[in-house]
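Encoded structure:
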């Protein structure tokens with residue numbers, strides 16, 4: 016078959032190079048696993064199986080990786096097949112393709128590579144979680160003013176803030192593990208789209224390739240792309256959440272806030288302004304994460320409104336984009352995790368601003384409700400008027416101001432000394448009484464951190480088990496192949 020030079024230049028050459036990088040190793044593993052299964056089921060003779068095994072062993076993966084595309088074959092599959100023919104003859108080489116198609120081979124390769132991407136990304140989020148848990152442990156008592164709608168809202172602690180991010184990352188792990196489970200099913204044996212009349216055993220190839228089980232419907236095994244979109248979506252959700260966290264971190268690194276300082280290894284200077292200390296590592300993380308999020312959107316758009324069947328839109332041209340999305344997501348998450356491990360919070364500056372702007376007035380209102388049994392709406396009005404009067408007359412004693420505004424609203428004054436009001440409205444008191452599950456009280460964040468550490472350990476064990484299972488499958492495949 017002669018291919019047009021333009022088709023070679025713009026499509027086949029690029030696809031060949033992409034496949035060598037992404038799918039050569041999975042392709043060779045599939046060849047071995049399928050060979051073992053055919054021999055086990057008696058579809059190949061022992062002599063043919065050994066001949067094919069020896070031919071596969073003779074193929075140099077290193078040589079293939081360095082080979083340029085010469086336009087004489089359609090893709091990597093046919094290139095390897097030609098090497099097999101050279102090694103063992105056309106008749107023997109042709110027997111390896113019994114009961115399979117490029118369709119199920121492709122879908123199996125994609126899933127094998129994608130599950131590696133998922134595990135790597137999940138592992139990176141675990142490193143980020145570990146770093147944030149360590150920071151939260153050190154800052155359970157560190158007060159600062161949390162913002163809502165970009166305005167100072169209420170005092171909380173750095174630990175409380177970070178736990179919100181940590182728990183979000185824990186849910187990301189749930190999503191990524193679910194995506195892995197959907198991905199780690201074996202399409203091999205579905206053939207072109209309707210399966211085969213040969214007595215194959217799909218469980219054998221599933222076991223040798225590290226899959227949990229075969230896929231179900233053979234049509235869907237070739238046609239579906241939801242497993243891919245599930246992992247893409249889980250990645251996109253994680254990136255969006257981490258991006259919002261990074262945005263806060265960059266704001267906190269500004270001179271105006273001055274809450275956070277990155278280590279020297281994560282900042283750059285200006286070529287003209289000697290005073291600059293630019294937190295560019297986090298800017299890069301934001302940019303790379305946004306790029307990955309854009310790639311995730313492009314993946315969904317690429318498969319949207321395509322036929323439910325074998326179609327190139329989900330194959331050669333899409334898979335490099337999938338790999339790029341996971342690569343950039345991994346870069347972004349890893350960079351944030353590394354930067355935060357050595358970042359330092361300015362505790363004094365954070366705490367000095369914790370009560371600015373009336374952030375503790377909610378607790379004053381709550382106290383009036385608890386102490387005097389008035390309606391919260393009335394207490395809210397008293398606290399609001401107290402702040403307004405204090406701003407108008409900052410030197411006036413707070414006890415006298417509270418008595419005046421409460422008398423105006425209730426008809427009787429609420430009597431408090433200045434020191435009592437100062438205690439009620441202190442940021443420290445504010446967080447210590449907020450022992451609601453999930454709240455900022457140090458006793459509660461200690462409990463939450465213990466739970467997060469346990470969840471981190473469970474997720475680490477999942478990653479280890481998953482990686483060990485894939486390694487064990489590789490060994491089983493090597494052993495079974497050698498035994499042919």
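Numbering (the numbering used here), first residue to last: 16 to 499. Ideal placement from N, C-alpha and C gives every residue a C-beta, glycine not left out. What you are looking at is a predicted structure, and each value in this text was computed from that prediction instead of being measured.
Have a look at residue 37 and residue 352 and give me their C-alpha separation to the nearest angstrom.
Between residue 37 and residue 352, the C-alpha separation is close to 26 Å.
Work out the CA separation of residue 277 and residue 283 for me, nearest whole Å.
Near 11 Å, if we compare the C-alpha coordinates of residue 277 and residue 283.
What is the DSSP secondary structure of residue 371, reduced to helix, strand or coil?
Here residue 371 sits in coil by DSSP.
Report the rounded CA-to-CA distance for residue 334 versus residue 125, giving the unit in angstroms.
Each residue's Cα considered, the two are about 7 Å apart.
For residue 162, list the residues DSSP reports as bridge partners.
Paired residue(s): 167.
When we look at the beta-carbon of residue 238 and count the other beta-carbons within 10 Å, is it buried (16 or more) or exposed?
With 16 or more other Cβ atoms within 10 Å, it is buried.
Report the rounded CA-to-CA distance for residue 364 versus residue 269, giving the unit in angstroms.
Roughly 13 Å between the two C-alpha positions.
Measure the C-alpha to C-alpha separation of residue 452 and residue 177 and round it to an integer number of angstroms.
Their Cα atoms are separated by approximately 15 Å.
To the nearest angstrom, how far is it from the Cα of residue 326 to the Cα of residue 303?
Whole-angstrom Cα-Cα distance: 30 Å.
Please report the distance separating the alpha-carbon of residue 88 from that of residue 65.
So the alpha carbons of these two residues sit roughly 26 Å apart.
Tell whether a beta-carbon distance below 8 Å holds between residue 136 and residue 369.
No, these two residues do not count as a Cβ contact at 8 Å.
What are the complete alpha helix (DSSP H) segments, minimum 4 residues, inside the segment 188-217?
Those alpha helix (DSSP H) runs which fall completely within the segment 188-217 and span 4+ residues do not exist here.
Please list the terminal residues of the continuous alpha helix (DSSP H) segment that includes residue 52.
Here the alpha helix (DSSP H) through residue 52 covers 39-55.
Alpha carbon to alpha carbon, how far is residue 400 from residue 188? Give it in angstroms, no decimals.
The alpha-carbon atoms of residue 188 and residue 400 are separated by roughly 46 Å.
Distance, Cα to Cα, residue 272 vs residue 266?
Spanning the two alpha carbons is a distance of roughly 7 Å.
If you drop the 5 nearest sequence neighbours on each side, which residues of the same chain put their C-beta closer than 7 Å to that of residue 34?
The residues are 90, 91.
Less than 8 Å between the C-beta atoms of residue 173 and residue 147, yes or no?
In this structure, residue 147 does not lie closer than 8 Å to residue 173 by Cβ.
Tell me which same chain residues have a C-beta within less than 8 Å of the C-beta of residue 14, skipping the five on either side of it?
The structure shown does not extend to residue 14, since the chain is modelled only from 16 to 499, so the question has no answer here.
How far does the alpha helix (DSSP H) with residue 343 in it reach, from first residue to last?
Per DSSP, residue 343 belongs to the alpha helix (DSSP H) from 334-356.
Thinking just about the alpha-carbon of each residue, which of 367, 20, 128 is nearest to the one in residue 242?
Per the Cα distances, 128.
When you compare only the Cα positions, how much space is there between residue 411 and residue 405?
Looking at the two C-alpha atoms, the distance is approximately 7 Å.
Tell me where the alpha helix (DSSP H) around residue 242 begins and ends.
From DSSP, the alpha helix (DSSP H) with residue 242 extends over 241-267.
Can you give the Cα-Cα distance for residue 255 and residue 279, rounded to whole angstroms?
Using only the alpha carbons, I get a separation of about 27 Å.
Is it true that the CB of residue 113 sits closer than 8 Å to the CB of residue 503?
No answer is possible for residue 503: the residues shown for the chain start at 16 and end at 499.
If I follow the unbroken alpha helix (DSSP H) through residue 440, where does it start and stop?
Where residue 440 is concerned, there is no enclosing alpha helix (DSSP H), given that its DSSP letter is neither H nor E.
Buried or exposed, going by whether 16 or more other CB atoms sit within 10 Å of the CB of residue 106?
Residue 106 is exposed by the Cβ-count criterion.
Under DSSP, the alpha helix (DSSP H) around residue 97 begins and ends at which residues?
Unbroken alpha helix (DSSP H) run through residue 97: 91-103.
What would DSSP say about residue 472, mapped onto helix, strand or coil?
Correct three-state label for residue 472: helix.
If the criterion is Cβ atoms closer than 8 Å, does the pair residue 170 and residue 391 meet it?
In this structure, residue 391 does not lie closer than 8 Å to residue 170 by Cβ.
Residue 450 and residue 438 look like a contact to me (Cβ under 8 Å); what is the Cβ gap, rounded to whole Å?
Not confirmed; about 18 Å, so no contact.
Mark residue 329 as exposed unless 16 or more other C-beta atoms lie within 10 angstroms of its C-beta, in which case mark it buried.
Classification for residue 329: buried.
Alpha carbons only, please: which of 108, 118, 69 is nearest the one belonging to residue 499?
For the residues 108, 118, 69, the minimum Cα distance to residue 499 belongs to 69.
From the DSSP output, read off the bridge partner residues of residue 172.
158.
Assign residue 271 to one of three DSSP states: helix, strand, or coil.
Looking at residue 271 - three-state DSSP - the assignment turns out to be coil, as it is neither helix nor strand.
Which one of 489, 233, 454, 456 has the shortest CA to CA distance from residue 211?
Of the candidates 489, 233, 454, 456, the one whose C-alpha sits nearest the C-alpha of residue 211 is 233.
Tell me which residue opens and which closes the alpha helix (DSSP H) that residue 453 is part of.
Premise fails: residue 453 is in no alpha helix (DSSP H) and is neither H nor E.
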